[in-house]
Structures are given as C-alpha cells and as structure tokens.
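*Asks:* Here it is, the structure, as structure tokens.
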Amino acid sequence: MKNVLVIGSTGQIGSELTMKLRKQYHQGTIVAGYIPGAEPKGELLESGPSEIVNVCMAHQIAEAVDKYDIDTIYNLAALLSATAERLPLKAWDIQMNGLLNILEVAREKHCAVFTPSSIGSFGPDTPRDNTPQDTIQRPTSMYGVTKVATELLSDYYFHKFGVDTRSVRFPGLISYTTLPGGGTTDYAVEIYYAAVKGEEFVCPIAAGTYMDMMYMPDALNAAVNIMEADPRYLIHRNSFNIASMSFDPEEVYRAIKKHYPNFKMRYEVDPIRQAIADSWPNKMDDICARKEWGWTPRYNLEKMTADMIHNLKIKLGVLK
Ligand code: SER
Numbered sequence: 262m263k264n265v266l267v268i269g270s271t272g273q274i275g276s277e278l279t280m281k282l283r284k285q286y287h288q289g290t291i292v293a294g295y296i297p298g299a300e301p302k303g304e305l306l307e308s309g310p311s312e313i314v315n316v317c318m319a320h321q322i323a324e325a326v327d328k329y330d331i332d333t334i335y336n337l338a339a340l341l342s343a344t345a346e347r348l349p350l351k352a353w354d355i356q357m358n359g360l361l362n363i364l365e366v367a368r369e370k371h372c373a374v375f376t377p378s379s380i381g382s383f384g385p386d387t388p389r390d391n392t393p394q395d396t397i398q399r400p401t402s403m404y405g406v407t408k409v410a411t412e413l414l415s416d417y418y419f420h421k422f423g424v425d426t427r428s429v430r431f432p433g434l435i436s437y438t439t440l441p442g443g444g445t446t447d448y449a450v451e452i453y454y455a456a457v458k459g460e461e462f463v464c465p466i467a468a469g470t471y472m473d474m475m476y477m478p479d480a481l482n483a484a485v486n487i488m489e490a491d492p493r494y495l496i497h498r499n500s501f502n503i504a505s506m507s508f509d510p511e512e513v514y515r516a517i518k519k520h521y522p523n524f525k526m527r528y529e530v531d532p533i534r535q536a537i538a539d540s541w542p543n544k545m546d547d548i549c550a551r552k553e554w555g556w557t558p559r560y561n562l563e564k565m566t567a568d569m570i571h572n573l574k575i576k577l578g579v580l581k
C-alpha cells in the first residue's frame with residue numbers, strides 16, 4: 262500500500278481511517294474521496310489531497326486513480342441498514358453499482374480493493390451464537406442483501422480477474438470522532454453521548470438483543486492489517502468474521518453506569534431497527550481471521566467505555 266484512495270472519507274470509518282493511513286504511510290499519498298455536501302474539513306482537509314469521487318460516477322474513480330497513481334482503494338461508501346430499508350433502491354445503487362464501478366477501475370488499473378462487509382450479511386437462518394466463518398447467509402434487509410452480494414462480487418473479481426479484493430465483516434462500530442448515521446447499531450454510540458452530556462438515554466433496541474460491537478481503533482487495525490496480510494496465508498478473502506465484544510443494551514448501560522452512577526436509560530423500541538437486529542448474529546466466531554492474518558482485538562467493553570468517556574468529555578467540553 263503506497264497511494265490510497267479512500268472513498269467515503271468523511272464518514273464514520275473514513276474520517277478516521279484516512280488520518281490513520283496518512284500517519285502510517287507518509288511516503289505515499291492518501292486521497293480523501295468525498296461527495297459534494299460531505300466535504301472534508303479541518304485536519305482531514307489540511308493533511309492531504311482530497312477529490313470529489315462519487316462511486317456512482319465511474320469516471321471520477323478512474324480519474325482519481327490515474328492522477329495519484331493509486332494502488333489501493335478503500336470503498337467505504339454505503340447507506341447503513343435502517344436507512345437502506347427506507348431507501349432500498351438508492352442503497353442498491355451505491356452499494357452494488359458503485360462497487361461494480363470500483364472493481365472495473367481496479368481491474369483495468371491494477372488496484373487492490375477493500376469493501377467492508379458486516380454482521381448484516383447474515384440473516385435469521387444463520388446460527389446465532391459463535392456464527393461460523395462459512396455459514397448460511399440469507400439476510401432479510403436490503404443492507405444485508407447488498408453486503409452478501411458485495412462479498413460474492415469481490416470474490417468473483419479475485420478469482421476471475423485476479424483483482425486483489427479483501428474484506429472483513431464489521432460489527433457495530435463505536436467511535437467518538439464521526440457519528441454513524443442510519444445504522445441498527447448506532448445506539449451503542451449514542452448511549453455514550455447521552456451519558457457524557459448528562460441526559461437520559463432512550464434506547465431503540467430491546468433489552469436482551471445481543472450484537473457484535475467493536476471499538477474503532479480495532480476496526481481500523483483490521484482494515485489496514487487485512488490489506489497488508491501475506492496473501493499466501495489467505496484461504497478466505499471476502500469476507501472475514503472479526504469480533505471483539507458482544508453486548509445488549511443492559512450490559513453497555515451497566516458499563517457506563519460505573520462511571521456515571523446516576524445515568525438513566527429507558528426503552529422506546531424502533532420496530533424497523535429491532536427487526537433488523539433480531540435477524541443478526543449474537544456473536545461471530547473469528548477464528549479464521551486470527552489464523553489467516555493474525556487478527557487480535559485490543560478493546561473489550563470496559564476498556565472501550567473508559568476511553569470513549571474520556572475522549573467524549575474532551576470533545577464535548579465536559580469537565581466532570
Ligand atoms: N453498523 C451497521 C448498521 O447498523 C452494521 O454493519 O447498519
């Protein structure tokens with residue numbers, strides 16, 4: 262990895278991944294791709310080049326790849342699960358037609374491609390606990406349909422055309438830099454903001470609903486390390502289960518309450534998000550990622566909670 266194009270660089274993952282890549286690969290060029298209306302700002306804007314790259318505009322991808330001699334594309338453009346249910350055709354367009362545009366450019370110009378998959382690629386028929394790497398994937402949400410198709414199309418381009426496609430199935434990602442939007446797991450970010458602001462949290466997901474979650478530094482390491490992995494040891498490519506923690510709303514609430522004993526939470530379950538959450542695994546088995554490329558997470562719920570609260574206090578200017 263030398264010259265990298267991050268598509269969706271101002272989103273929840275992209276805003277942090279772009280900065281990490283710029284720090285790690287200072288001999289290369291890390292281009293922040295964005296769409297009008299989601300322009301990079303501050304450090305992200307000032308620390309390197311940025312270009313308008315809409316995944317639905319193949320020529321914009323090709324031009325950026327040529328201009329910066331790109332060898333690796335991180336494709337982070339996506340509508341998350343709840344938004345994709347509201348806008349299924351738009352989700353298909355961004356996630357599938359966008360991916361095809363990227364894979365075609367990658368085939369012609371010899372780029373490696375990372376496109377995340379998700380816990381959303383599984384469905385109600387999937388084994389819930391210790392969900393295996395290779396198992397039933399019959400998702401019932403449009404987000405999930407596009408994620409399974411992403412895995413298949415990415416593997417197809419590897420086997421048919423030799424495009425170096427690799428990917429991980431991200432759990433719900435928790436971070437303090439950029440908010441996610443329209444996801445089923447967003448509650449696990451929002452609950453921290455409520456606690457630090459001293460507000461009651463209204464939880465849209467029912468107690469007892471377990472989902473895999475991950476702190477952003479672990480997710481970023483996964484995204485970098487999978488692309489750095491020695492291909493001789495990769496049996497799988499698109500896409501690897503990765504896991505670090507699994508909790509339900511009560512468990513994260515209790516973890517936060519250790520820091521804020523007066524923190525209050527009540528439930529107002531959102532039926533759309535709940536139906537999606539109910540169709541997803543409780544906890545994935547990530548043994549293949551550990552064996553094939555050395556995946557090892559660093560954060561559990563307690564460690565993440567302390568770090569989230571510390572950083573949100575600084576971000577929100579809360580002294581106590
Ligand atoms: N965080 C995503 C969502 O909730 C799942 O990958 O949609």
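First residue of the sequence shown: 262, per the numbering used here; consecutive thereafter. For each residue, glycine too, the CB sits at the ideal point set by N, CA and C. All of these numbers come straight from a predicted model, not from anything done at the bench.
If you reduce the DSSP assignment to three classes, tell me which class N482 lands in.
*Replies:* Here N482 sits in helix by DSSP.
*Asks:* Would you report the Cα separation of S415 and L337, rounded to the nearest angstrom?
*Replies:* Spanning the two alpha carbons is a distance of roughly 14 Å.
*Asks:* From L413, R527, Y476, K458, pick the residue whose C-alpha is nearest to that of H520; which is it?
*Replies:* Nearest option by C-alpha distance: K458.
*Asks:* Taking DSSP as the reference, what is the three-state secondary structure of E232?
*Replies:* An answer regarding residue 232 cannot be provided, because it is not within the stretch 262 to 581 covered by the chain.
*Asks:* Nearest-angstrom Cα distance between M357 and M506?
*Replies:* Each residue's alpha carbon lies about 29 Å from the other.
*Asks:* So for Y329, helix, strand or coil by DSSP?
*Replies:* Here Y329 sits in helix by DSSP.
*Asks:* Which whole-angstrom value describes the C-beta separation of F383 and P522, a residue pair presumed to lie in contact below a C-beta threshold of 8 Å?
*Replies:* With 8 Å as the limit, F383 and P522 do not qualify as a contact, their Cβ atoms being about 36 Å apart.
*Asks:* CA-CA distance, N362 and L341?
*Replies:* Distance between the alpha carbons of N362 and L341: 20 Å.
*Asks:* Looking only at its own chain, which residues have a Cβ that is under 6 Å from the Cβ of F462, when we skip the five neighbours before and after it?
*Replies:* The residues are I452, A455, M526.
*Asks:* Can you tell me whether T392 is buried or exposed, with buried defined as 16 or more other CB within 10 angstroms of its CB?
*Replies:* So T392 ends up on the buried side.
*Asks:* For ligand 1, which residues have a Cβ under 5 Å from at least one heavy atom, in chain order?
*Replies:* This criterion selects L341, S342, S379, G381, G433, G444, T445, T446.
*Asks:* Considering only their Cβ atoms, is the gap separating L434 from M475 smaller than 7 Å?
*Replies:* Closer than 7 Å, so yes.
*Asks:* Use the C-beta contact count for E304: other C-beta atoms within 10 angstroms, 16 or more gives buried, fewer gives exposed.
*Replies:* The residue is exposed, with fewer than 16 neighbouring Cβ atoms inside 10 Å.
*Asks:* Which of helix, strand or coil does DSSP assign to E300?
*Replies:* Reduced to three states, the DSSP call for E300 is coil.
*Asks:* Between L577 and the rest of its own chain, which residues show a CB-CB distance below 8 Å, the 5 nearest in sequence each way excluded?
*Replies:* Once the five neighbours on either side are set aside, the close Cβ partners of L577 are Y454, V457, K458.
*Asks:* Hey, would you say A343 sits closer than 7 Å to G275, going by beta carbons?
*Replies:* Not in contact: A343 and G275 (Cβ atoms no closer than 7 Å).
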